[in-house]
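Contents: one structure, followed by commentary.
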């Protein structure tokens, strides 16, 4: 009986082996994947690099800038991370770069020279600008924010990230833009 | 034992000399005996002798048919590691020769073609086995041989699906090589595109080629941005962005087609949402994320986040 069973088993295995041999194996074409988080980080990376360029291309009056050059990020973890990495251990002139993150607008105070306001906090730009008593340069993230208190504003042009500047407000705040910054801005008011 | 085996083989050769020049060839007969007793090594020696000594057998479809089966058995018995086996090649050549000579009765045609189909499929399986970043060249060789043999074995066989699988798989491997060292292996990127595009030439609505091309273009754009140096000049930052945008734009039609083909596959919706984020078109991205939300049974994506925090 057991012999019969083992014989049957051998037959089944042989048939299976034959089927495997005779069948055409498929090629595996497992490809890459993409996550929206990667795209978000990539956008944040661009913003971080832009902001780093802004830091290098805006001149501050001496009485408003002594010690660290402080950049505040309000409302975007990815931009904060990117900017922190880009600025880590770096100086603009003799000023060490310091990046801080604000979770709530009540935390925003006079300590920062630049303040990046995330798109989803855009409605608060006007209020933040009114409260601003230390000439903080607000970087906005939505069309129209130059008229609400932002001095630099991220916009999209030809599907790429671009920026516009409000030179009038910058002058009022005693800030000077480099020629390069003005040249590369897609819109200057 | 081995020596005795050889002695008996050579004795039989001597005994066979008188039948030279006749239709009956003792070597062939002995080859068949050896084959039936599963002594394939002796069978091979006899059949090769038959083809050398009994010259008329070189024109015999049957003798080549027998040789084909003997070599096939030896191929199946041998564990081979490389991309090729001499027995397999000889078996294929023998069956092809038999097919070529079998013009009068065609009685061997069916068995010859079946055996060729089997041997061809082993090349296909080797190609699939070798399809990796180290052995892909062997895979290419094996796949070519598979097609050559299989075309003869099954003249009406439709290779479309197989070609698509092969092209997409090879394209993926070539991209992996590029991705391992983008500077050193930059040429592999174009090679990878070439095979995906080959697939699309065969079938413009091939899901895998469309999806992978779209993803590849998008990821190239992302890599372009990720690899920018922190100290990049202002002008270079802008020109690099423009290059990345070109990749994102290229990704779109392929991913849209993939989505069209498989609208309920989550990866398609995620990929489209990602490309639109990269293109700063958050409205379009939201449409796909909302659809993904519905597909996932809601709440899963936005678990703990509100819509504003998507970006």
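Protein chains in written order, with this note's numbering: chain A, 22 to 210; chain B, 121 to 431.
Each residue gets a CB set at the ideal place from its N, CA and C atoms; glycine is no exception.
Computed from a predicted model, the values in this text were never measured in an experiment.
Alpha carbon of residue i to alpha carbon of residue j, nearest angstrom
i             : j             : result
residue 288/B : residue 294/B : 10 Å
residue 202/A : residue 341/B : 25 Å
residue 395/B : residue 197/A : 36 Å
residue 149/B : residue 231/B : 20 Å
residue 264/B : residue 318/B : 15 Å
residue 142/B : residue 176/B : Bear in mind that a pLDDT of 44 at residue 142/B, under 50, signals an unreliable position, so the number given afterwards is only what the model happens to contain. Each residue's alpha carbon lies about 8 Å from the other.
residue 158/B : residue 193/B : 9 Å
residue 311/B : residue 246/B : 22 Å
residue 181/B : residue 215/B : 9 Å
residue 378/B : residue 324/B : 11 Å
residue 166/A : residue 174/A : 7 Å
residue 144/A : residue 74/A  : 25 Å
residue 190/B : residue 314/B : 41 Å
residue 98/A  : residue 237/B : 60 Å
residue 384/B : residue 416/B : 10 Å
residue 281/B : residue 328/B : 12 Å
residue 408/B : residue 401/B : 12 Å
residue 186/B : residue 172/B : 15 Å
residue 260/B : residue 196/B : 22 Å
residue 367/B : residue 56/A  : 16 Å
residue 405/B : residue 176/A : 17 Å
residue 195/A : residue 156/A : 8 Å
residue 42/A  : residue 239/B : Residue placement at residue 42/A cannot be trusted, given a pLDDT of 48 that sits under 50; what the coordinates show is reported in the next sentence. Whole-angstrom Cα-Cα distance: 10 Å.
residue 373/B : residue 397/B : 15 Å
residue 63/A  : residue 208/B : 52 Å
residue 204/B : residue 242/B : 10 Å
residue 120/A : residue 102/A : 9 Å
residue 169/B : residue 210/B : 15 Å
Segment limits, alpha helix (DSSP H) that includes residue i
i             : result
residue 342/B : 327-346
residue 183/A : Here residue 183/A belongs to no alpha helix (DSSP H); instead the beta strand (DSSP E) covers 181-186.
residue 279/B : Residue 279/B -> no alpha helix (DSSP H), and no H or E assigned at all.
residue 373/B : 354-381
residue 150/A : 146-152
residue 389/B : 386-398
residue 413/B : 402-415
residue 148/B : 146-156
residue 321/B : 307-322
residue 203/A : 200-205
Beta-carbon neighbours of residue i, restricted to chain B and to distances below 7 Å
i             : result
residue 63/A  : 342, 345, 346, 398
residue 177/A : 400
residue 48/A  : 248, 251, 285, 286, 289
residue 201/A : 354
residue 131/A : None at all; the shortest Cβ gap to chain B is about 27 Å.
Residue i: contacting residues in chain B (beta-carbon distance under 8 Å)
i             : result
residue 180/A : 365, 368, 369, 399, 400, 401
residue 107/A : 350
residue 205/A : 354, 355, 358
Check: residue i C-beta below 7 Å from any heavy atom of the ligand SAH
i             : result
residue 209/A : For the ligand SAH, the structure offers nothing, since it holds no ligand at all.
Proximal residues of chain A, C-beta to C-beta of residue i below 8 Å
i             : result
residue 394/B : 55, 56, 57, 59, 60
residue 335/B : 52, 53, 54, 55
N-terminal and C-terminal residue of the beta strand (DSSP E) that residue i is part of
i             : result
residue 161/A : 158-161
residue 136/A : 135-138
residue 174/A : 173-178
residue 272/B : Careful: residue 272/B lies outside any beta strand (DSSP E), inside the alpha helix (DSSP H) at 256-273.
Short CB-CB distance (under 8 Å) between residue i and chain C
i             : result
residue 136/A : The displayed structure is made up of protein chains A and B, and chain C is not among them.
Chain A residues whose Cβ lies nearer than 9 Å to that of residue i
i             : result
residue 230/B : Result: empty, since nearest Cβ-Cβ is about 16 Å, beyond 9 Å.
residue 390/B : 54, 55, 56, 57
Neighbouring residues, chain A, relative to residue i (Cβ below 7 Å)
i             : result
residue 362/B : 181
Task: Where the stretch 66-88 of chain A meets chain B: residues whose CB sits under 9 Å from a CB there - done: 66, 67, 69, 70, 71, 73, 74, 77, 78
- [ ] Enumerate, from N- to C-terminal direction, the unbroken alpha helix (DSSP H) stretches of 4 or more residues contained entirely within the stretch 174-246 of chain B.
- [x] 181-197, 206-221
Open item on the list: Can you pull out the residues from the stretch 268-281 of chain B whose beta carbon lies closer than 7 Å to at least one beta carbon of chain A?
Closed with: none
- [ ] Residues of the stretch 150-170 of chain B with a CB closer than 9 Å to any CB of chain A: list them in chain order, please.
- [x] For the stretch 150-170 of chain B, which is checked against every Cβ of chain A, not one residue is closer than 9 Å.
Task: Unbroken stretches of the beta strand (DSSP E), 3 residues or longer, contained in the stretch 61-137 of chain A - done: Assignment of beta strand (DSSP E) within the stretch 61-137 of chain A, counting only whole runs of 3 or more residues, yields 90-95, 116-123 in chain order.
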